[in-house]
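Q: Structure below; questions to follow.
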Amino acid sequence: EDQVTQSPEALRLQEGESSSLNCSYTVSGLRGLFWYRQDPGKGPEFLFTLYSAGEEKEKERLKATLTKKESFLHITAPKPEDSATYLCAVQAANDYKLSFGAGTTVTVRA
Amino acid sequence: DAGVIQSPRHEVTEMGQEVTLRCKPISGHDYLFWYRQTMMRGLELLIYFNNNVPIDDSGMPEDRFSAKMPNASFSTLKIQPSEPRDSAVYFCASSFRLAGAYNEQFFGPGTRLTVL
Numbered sequence: 001e002d003q004v005t006q007s008p009e010a011l012r013l014q015e016g017e018s019s020s021l022n023c024s025y026t027v028s029g030l031r032g033l034f035w036y037r038q039d040p041g042k043g044p045e046f047l048f049t050l051y052s053a054g055e056e057k058e059k060e061r062l063k064a065t066l067t068k069k070e071s072f073l074h075i076t077a078p079k080p081e082d083s084a085t086y087l088c089a090v091q092a093a094n095d096y097k098l099s100f101g102a103g104t105t106v107t108v109r110a
Numbered sequence: 001d002a003g004v005i006q007s008p009r010h011e012v013t014e015m016g017q018e019v020t021l022r023c024k025p026i027s028g029h030d031y032l033f034w035y036r037q038t039m040m041r042g043l044e045l046l047i048y049f050n051n052n053v054p055i056d057d058s059g060m061p062e063d064r065f066s067a068k069m070p071n072a073s074f075s076t077l078k079i080q081p082s083e084p085r086d087s088a089v090y091f092c093a094s095s096f097r098l099a100g101a102y103n104e105q106f107f108g109p110g111t112r113l114t115v116l
């Protein structure tokens, strides 16, 4: 069974204080690893898909990286509007469904 | 495009009542997913469809839950009878597959269900 573990559960940052979120996964053949952002009372919003170890993708202050066992979401110089829950999910090679981690809730204080 | 549309946004019902949640996927998307999100269990896949056909319903908790997709633009998730432990936020998501590539899922705003 696919397993996704995210750490830490919660992260409190000062505006401008860079940090990283971790997503460790176990899957029988990885088709893709997905990062989503979820704001309170809303559905998850797609951020990135990573397909192979060594791949990196960036969007504004966010950068996602992938190894064979984990992915990191780096937040550089965060702003209060980056406050959200960040979800990681994996898709196995023999399936189409996503298995989600529990998420990391990021709070950025001005 | 309006995105994935779900209704109702909030539903409060009493134990034993039937509940029907509705979803309209993004036009042109051929995959539709139903998820449930709770604090304890996070985001769980209940069932997904491809071209209106159920592919994997292994996440449906029990026979009280059923889902249908009568056409490409509409799906329902029904709970009968409802129980307090069914209280959660239910999300619908859709995606498409093009030229062998699997694309990201787009989520709706969710339906917050409270069963008293």
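Chains as they are written, first to last, in the numbering used here: chain Y, 1 to 110; chain V, 1 to 116.
Glycine included, C-beta positions come from ideal geometry on N, C-alpha and C.
Note that this is a predicted model, so its numbers are computed, not measured.
(1) Identify whether D56 (chain V) lies in helix, strand or coil by the three-state DSSP scheme.
(2) Measure the alpha-carbon distance for A110 (chain Y) versus S66 (chain V) and round it to whole angstroms.
(3) Measuring only the C-alpha atoms, how far is E1 (chain Y) from V27 (chain Y)?
(4) Can you tell which of Y:R31, Y:A102, Y:P80 and Y:S71 has its C-alpha closest to the C-alpha of G16 (chain Y)?
(5) V12 (chain V) and G108 (chain V) - do their beta-carbons sit closer together than 8 Å?
(6) Once you ignore the five residues that flank Y51 (chain Y) on each side, which residues in its own chain have a CB closer than 7 Å to its CB?
(7) Cβ of A105 (chain Y) less than 8 Å from any chain V Cβ?
(8) Identify the residues that DSSP records as bridge partners of E56 (chain Y): which are they?
(9) From the DSSP output, in three-state form, read off R85 (chain V) for me.
(10) Does the stretch 98–109 of chain Y touch the stretch 8–26 of chain V, meaning 3 or more C-beta pairs lie closer than 8 Å?
(11) For chain V, is any of its Cβ atoms less than 8 Å away from the one on K57 (chain Y)?
(12) Less than 8 Å between the C-beta atoms of I26 (chain V) and F106 (chain V), yes or no?
A: The short version:
(1) Along the second sequence, one-based indexing puts residue 56 (chain V) at 56. Strand at D56 (chain V).
(2) Indexing the first sequence from 1 puts residue 110 (chain Y) at position 110. Indexing the second sequence from 1 puts residue 66 (chain V) at position 66. Spanning the two alpha carbons is a distance of roughly 46 Å.
(3) Here residue 1 (chain Y) refers to the residue found at position 1 of the first sequence. Here residue 27 (chain Y) refers to the residue found at position 27 of the first sequence. Roughly 7 Å between the two C-alpha positions.
(4) What you label residue 16 (chain Y) is simply residue 16 of the first sequence in a count that begins at 1. Nearest of Y:R31, Y:A102, Y:P80 and Y:S71 to G16 (chain Y), Cα basis: Y:P80.
(5) Here the question's residue 108 (chain V) lines up with position 108 in the second sequence. Here the question's residue 12 (chain V) lines up with position 12 in the second sequence. Result no, Cβ atoms of G108 (chain V) and V12 (chain V) do not sit closer than 8 Å.
(6) The residue given as residue 51 (chain Y) occupies position 51 in the first sequence. Within the same chain, Y51 (chain Y) has close Cβ partners G32.
(7) Here residue 105 (chain Y) corresponds to residue number 105 of the first sequence, with the count starting at 1. The sequence shown places Thr at residue 105 (chain Y), rather than the Ala named in the question. No, T105 (chain Y) lies away from the interface with chain V (no Cβ there is under 8 Å from its Cβ).
(8) In the first sequence, counting from the first residue as 1, residue 56 (chain Y) sits at position 56. Y:T65.
(9) Your numbering for residue 85 (chain V) matches position 85 in the second sequence. Three-state DSSP puts R85 (chain V) in a helix.
(10) no
(11) As a first step, residue 57 (chain Y) is located in the first sequence; it is residue number 57 there, counting from the start. No - not a single Cβ of chain V is within 8 Å of the one on K57 (chain Y).
(12) As a position in the second sequence, residue 26 (chain V) is number 26, starting the count at 1. As a position in the second sequence, residue 106 (chain V) is number 106, starting the count at 1. Going by C-beta atoms, I26 (chain V) is nearer than 8 Å to F106 (chain V).
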